[in-house]
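Those letters in the sequence shown? Residues 89 to 335, per my numbering, in order. Some notes on the structure that comes next.
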Amino acid sequence: MHRNGHRPKTVSTTAGDIEVQIPKLRAGSFFPSLLERRRRIDKALHAVIMEAYVHGVSTRSVDDLVAAMGVQAGVSKSEVSRICAGLDTEIEAFRTRSLTHTEFPYVFCDATFCKVRVGAHVVSQALVVATGVSIDGTREVLGTAVGDSESYEFWREFLASLKARGLTGVHLVISDAHAGLKAAVAQQFSGASWQRCRVHFMRNLYTAVAAKHAPAVTVAVKTIFAHTDPEEVGAQWDRVADPLCQP
89 MHRNGHRPKT VSTTAGDIEV QIPKLRAGSF FPSLLERRRR IDKALHAVIM
139 EAYVHGVSTR SVDDLVAAMG VQAGVSKSEV SRICAGLDTE IEAFRTRSLT
189 HTEFPYVFCD ATFCKVRVGA HVVSQALVVA TGVSIDGTRE VLGTAVGDSE
239 SYEFWREFLA SLKARGLTGV HLVISDAHAG LKAAVAQQFS GASWQRCRVH
289 FMRNLYTAVA AKHAPAVTVA VKTIFAHTDP EEVGAQWDRV ADPLCQP
């Protein structure tokens, strides 16, 4: 094989547009392994575009961002959608993966409100996350979903989907005290116990405590959770709660 000149290819990167000279061959073909065929944007710039899109940046603003980075050709709305379609595929594979590789005795369920792109608009919706603690003590995100975080039907379907993917061995579910969630846990994980999340408990407690007393109350309540024996926990609860209940 002999080289027969070069052909230029413009690659858009986070450092701006770069022109690469690709050798021509008299026989066969050559293409640099660091580049991708039929794609003018490198992987690093791909990541920047996806990160901006996920955070709710409009396709027009993404184009402006790319131009500010020195990419003269910019990026079209269809190109942004095509790039982010690959991200959707990866997320869906993660959300539907099998959970049969181990058991998760402890499952934490929580919800946080995030900006979600729905069509042409960005709105605030509840993102629920189930995190499991396996039998060897490692933590793993089991699943996520967007929906009504206080609805029994939503939680029932979400927990059922985890079971369908192979979630087994659940002994304790920790969450906020939403009635719908508690009912769904009892229905889907028969025999498992439920415990109120300490973080949510403390947040609710602070609403009933004067700000100047919050540090002392926090220290006192933490002494309750320091015990592991049920009788000791109950005794310490009485020692802490009785003074706090005094007018």
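Even glycine gets a Cβ: it sits at the ideal position worked out from N, Cα and C. Quantities reported herein were computed from a predicted structural model and do not represent experimental measurements.
Looking at the unbroken alpha helix (DSSP H) that takes in residue i, where does it start and where does it end?
i, result
"Gly-268", "267-276"
"Gln-324", "318-333"
"Gly-257", "Premise fails: Gly-257 is in no alpha helix (DSSP H) and is neither H nor E."
"Arg-183", "165-183"
"Ala-314", "That residue, Ala-314, is in no alpha helix (DSSP H); it is neither H nor E in DSSP."
Leaving out five residues before and five after residue i in sequence, what residues of the same chain have Cβ atoms less than 7 Å from its Cβ?
i, result
"Pro-318", "none"
"Val-261", "Val-195, Cys-197, Val-273, Phe-277, Ala-280, Trp-282"
"Tyr-294", "Ala-302"
"Glu-245", "none"
Under the rule that 16 or more other beta-carbon atoms within 10 Å means buried, what is residue i, buried or exposed?
i, result
"Ala-272", "buried"
"Glu-139", "exposed"
"Asp-151", "buried"
"Ala-103", "Only weak support is given to the placement of Ala-103: the predicted model assigns it a pLDDT of 48, under 50, and the value that follows is read from those uncertain coordinates. Exposed, by the Cβ-count rule."
"Thr-147", "buried"
"Ile-223", "exposed"
"Arg-126", "Low confidence applies here, because Arg-126 scores a pLDDT of 42, under 50, leaving its location unreliable; read the following figure in that light. It is exposed - the Cβ of Arg-126 has fewer than 16 other Cβ atoms within 10 Å."
"Val-168", "buried"
"Phe-242", "buried"
If I'm right that residue i touches residue j with Cβ under 8 Å, what's the distance once you round it to whole angstroms?
i, j, result
"Phe-201", "Ala-218", "In fact, because the Cβ distance is near 17 Å, the residues do not count as touching under 8 Å."
"Gly-220", "Ser-239", "The Cβ separation is near 22 Å, so there is no contact."
"Phe-192", "Leu-255", "6 Å"
"Leu-250", "Gly-231", "5 Å"
"Phe-313", "Arg-286", "7 Å"
"His-134", "Ile-171", "6 Å"
"Ser-164", "Arg-253", "Between Arg-253 and Ser-164 the Cβ distance is about 37 Å, and since that is not below 8 Å, they are no contact."
Identify the continuous beta strand (DSSP E) that holds residue i and give its terminal residues.
i, result
"Val-195", "194-206"
"Arg-227", "227-234"
"Ser-281", "281-284"
"Ser-212", "209-221"
Can you list, in chain order, the residues of its chain whose CB lies under 8 Å from that of residue i, leaving out five sequence neighbours each side?
i, result
"Thr-29", "Nothing can be reported for residue 29, as the shown portion of the chain is limited to 89 through 335."
Suppose the cutoff is 6 Å on Cβ atoms and the five residues either side in sequence are ignored; what does the same chain contact list for residue i look like?
i, result
"His-315", "Val-321, Gln-324"
"Arg-284", "Ala-265"
"Gly-144", "Lys-203, Val-210"
"Leu-175", "Met-138"
"His-288", "Asp-264"
"Glu-228", "Gly-220"
"Val-216", "Ala-199, Ala-233, Ser-237"
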